[in-house]
Amino acid sequence: ACAANCITNTSTDSCTASNYTCLCNDQKWLAATTQCFSSQCTGADVVAAYSIQHAVCQALVRRVS
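The sequence shown runs contiguously to residue 346 in the working numbering.
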């Protein structure tokens, strides 16, 4: 649950919230979500949050390539 909150609620000036292709290439967004995971998630949820972010971005990279 904390991963979804961090991913959907972390904003960036350069991408819309639903444009994950843009977000996954935005270093500021990646850093902000990482910070959110560290501060909002606990225990196994932190690992799960990183895994979800990685899976979403990897799927987009494969689709675009």
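Positions of the beta carbon are idealized from the N, C-alpha and C atoms, including for glycine.
Since this is a predicted model, take the numbers as computed values, not measurements.
> Over what stretch of residues does the alpha helix (DSSP H) that includes Ala284 continue unbroken?
Replying inline: As a position in the sequence shown, residue 284 is number 3, starting the count at 1. Start and end: Cys283 to Asn290.
> Comparing the CB of Cys338 with every heavy atom of the ligand NAP, is any distance shorter than 7 Å?
Replying inline: For the ligand NAP, the structure offers nothing, since it holds no ligand at all.
> Does the separation of the CB atoms of Ala298 and Ile333 fall below 8 Å?
Replying inline: As a working mapping, residue 298 is identified with position 17 in the sequence shown. As a working mapping, residue 333 is identified with position 52 in the sequence shown. No, they are not a contact pair.
> Just how far apart, CA to CA, sit Asn290 and Thr314?
Replying inline: Here residue 290 refers to the residue found at position 9 when the sequence shown is read from its first residue. Here residue 314 refers to the residue found at position 33 when the sequence shown is read from its first residue. Each residue's Cα considered, the two are about 9 Å apart.
> When you compare only the Cα positions, how much space is there between Cys303 and Leu341?
Replying inline: What you label residue 303 is simply residue 22 of the sequence shown in a count that begins at 1. What you label residue 341 is simply residue 60 of the sequence shown in a count that begins at 1. Cys303 and Leu341: Cα-Cα distance of roughly 10 Å.
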